[in-house]
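Report on the structure given below.
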Amino acid sequence: MSKKVDVKLSPKKQVELDISCKSLIGKEIEIIDSNNKNQIRIKGLLVFESANLFYVKVGSEILKILKKGTVIEVALKNDKAMVNSEIFSGNLVSRIKKIK
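Using numbering that gives the first Met the number 0, the first residue of the sequence shown is number 0, and each one after it goes up by one.
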């Protein structure tokens with residue numbers, strides 16, 4: 000018989016876990032920090048997500064943003080969350096499978 004163990008996460012880790020299990024497509028994001036310094040302060044609508052890239056619509060242009068080495072700010076309901084986008088590596092299904 001396996002015993003269920005309750006694990007307490009810090010509020011920041013809990014937010015990261017909650018966000019990583021959701022699709023961010025259609026959300027407003029801003030690049031806060033990146034290995035590619037030209038991408039910092041890019042703000043736009045996330046229109047597609049692959050395993051390694053975010054596709055962000057800025058005006059009439061769609062920019063490819065590498066997930067690795069990037070920190071994003073995501074607008075969620077009435078609040079914003081700043082997260083390391085490496086938690087989004089892989090597609091949504093594979094991220095959910097890792098947690099279970």
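All residues carry an ideal CB built from backbone N, CA and C; glycine is no exception.
Looking at the strands, I want to know which residues DSSP matches up with residue i.
i	result
VAL46	DSSP output for VAL46 lists no bridge partner at all.
Are the Cβ atoms of residue i and residue j separated by less than 9 Å?
i	j	result
LEU75	LYS36	no
Using beta carbons (cut-off 9 Å, strictly below), is residue i in contact with chain B?
i	result
ILE28	The chain labelled as chain B is not found in the depicted structure, where only one protein chain is given.
Does DSSP classify residue i as helix, strand or coil?
i	result
MET0	Residue confidence is low: MET0 scores 49 on pLDDT, short of 50, so the model does not pin down where it sits. Its coordinate-derived value is still stated next. MET0 falls in the coil class under three-state DSSP.
SER9	coil
For residue i, count neighbouring Cβ atoms within 10 angstroms of its own Cβ and tell me buried if that reaches 16, exposed if not.
i	result
SER33	buried
GLY43	buried
LYS63	exposed
_Whole runs of the beta strand (DSSP E) within the stretch 22 to 95, excluding any shorter than 3 residues_ = 27 to 33, 42 to 48, 52 to 57, 60 to 65, 69 to 75, 78 to 83
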